[in-house]
Amino acid sequence: MNRTLIIIIFIVIIVFALGAGYYFYAPSGNAPSAGQNTPSQGRVIEEKLVIPDTKSITGSEGRVVDQGAISIALVPKDDNEKVIVPGAVLSVKGSYDLAKPEAAKWSSDAQLAFIKSLGAVTLEGKSSQWQIAFSSKIKKGKGYEVVIQGDGIVSQKEVDSGAVGGETPPNFADRDSLWALAQLAAIPQFQTASISAIIFSYNPDAKGWDYIIPNSFGKSAVRVR
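According to our numbering, the sequence shown is numbered sequentially starting from 4.
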């Protein structure tokens, strides 16, 4: 009887050991790692960002806008139309907050003229690269350019400039780039549109701020009120 019990216990131990071995050593290739892209996540946009060699700024850069290199659906129909931009960390407001202290070192009266996306834009209003331009009344004919990649400044310099800046809107935090894209997406005719860039620009004639959004239908402006 004792011998039979010992044999049963021995068999149970062997079975348990084999099961544990399979658990720890079984191939894990079927489980995607955190860095892998799955169909439900969307298309990953890989970019080779280039720092612009800016010599001067006219001010029209914030109004006359070219289409960006990468277009994304403003209202994705499914996960296949969604995109992921790994380097898109900051929004328009976030890029301004990072650049403003540097511009203030350049000139105490520095005012924002425009913020322009140079990389791919996400539906959260973030981009992998931003160009931020400031103006100054103290330093006539000069401006200050800050270029951001990811969440860091990669270039900043004084340039010749005819751009005019202004005080940022008091509700800037609530009127960030995400808000601007949501306003455009709410218009029925833009349900099938794609966007490729976003610009936040001061309009000296209206003394106000506009989001300029190049899209598959042309160029649309969203006034900050």
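Even glycine gets a Cβ: it sits at the ideal position worked out from N, Cα and C.
Residue environment, residue i, which counts as buried when at least 16 other CB atoms sit within 10 Å
| i | result |
| --- | --- |
| Arg228 | exposed |
| Pro217 | buried |
| Ser59 | exposed |
| Ser111 | exposed |
| Phe220 | exposed |
| Val47 | exposed |
| Ile202 | buried |
| Glu170 | exposed |
| Asp208 | exposed |
| Gln152 | buried |
| Val67 | exposed |
| Lys210 | exposed |
| Lys96 | buried |
| Ala76 | buried |
Backbone secondary structure at residue i - three-state DSSP
| i | result |
| --- | --- |
| Leu181 | helix |
| Ser158 | strand |
| Phe175 | helix |
| Phe220 | coil |
| Glu50 | coil |
| Glu64 | helix |
| Ile16 | Per-residue confidence for Ile16 stands at a pLDDT of 46, beneath the threshold of 50, marking its modelled position as unreliable; the derived number appears in the next sentence. Here Ile16 sits in helix by DSSP. |
| Asp69 | coil |
| Glu84 | helix |
| Gly146 | strand |
| Gly169 | strand |
| Ser199 | coil |
| Ala188 | helix |
| Asp56 | coil |
| Lys129 | strand |
| Val95 | helix |
| Leu115 | strand |
| Ala76 | strand |
Cβ neighbours of residue i in the same chain (closer than 6 Å, five flanking residues each side left out)
| i | result |
| --- | --- |
| Thr61 | Gly165 |
| Val150 | Ile54, Gln134, Val157 and Ser158 |
| Ala183 | Tyr214 and Val225 |
| Ser94 | Gly128, Lys129, Asp179 and Ser180 |
| Val88 | Ile48, Ala123, Thr125 and Ser131 |
| Pro79 | Lys85 |
| Ala102 | Ile135 and Val149 |
Residue i versus the options, residue with shortest Cα-Cα distance
| i | options | result |
| --- | --- | --- |
| Gly71 | Gly211, Ser197, Trp212 and Pro207 | Ser197 |
| Leu52 | Ala107, Trp109, Gly146 and Ala91 | Ala91 |
| Ser74 | Leu126, Gly65, Leu93 and Lys142 | Leu126 |
| Ser130 | Glu49, Ser223 and Asp177 | Glu49 |
| Ser199 | Ala123, Pro89 and Ser94 | Ala123 |
| Thr57 | Tyr147, Ser98, Gln44 and Asp154 | Tyr147 |
| Asp213 | Leu115, Asn83 and Asp100 | Leu115 |
| Lys119 | Gly168, Gly97, Ala176 and Glu64 | Glu64 |
| Lys143 | Arg66, Ala176, Lys160 and Val167 | Val167 |
| Lys140 | Ala176, Ala113, Leu121 and Ala185 | Ala113 |
| Glu161 | Ser204, Phe175, Asn83 and Lys145 | Lys145 |
Beta-carbon proximity list for residue i, same chain, < 7 Å, skipping 5 on both sides
| i | result |
| --- | --- |
| Gly24 | Residue confidence for Gly24 is low, a pLDDT of 40 falling below 50, so the modelled location carries little weight; the figure read from the coordinates is stated next. If we look at Gly24 and ignore the five residues flanking it on each side, it has no Cβ neighbours. |
| Ser98 | Ile118, Trp133, Ile135 and Ile151 |
Residues near residue i by beta carbon distance below 8 Å, same chain, minus five either side
| i | result |
| --- | --- |
| Asp81 | none |
| Ala37 | For Ala37, the pLDDT reaches just 29, beneath the cut-off of 50, and the residue's location in the model is therefore unreliable, leaving the point undetermined. |
| Asp163 | Lys58, Ser59, Ile60, Gly144, Lys145 and Gly146 |
Cβ contact check for the region 95-110 and the region 131-139: 3 or more pairs under 8 Å: yes
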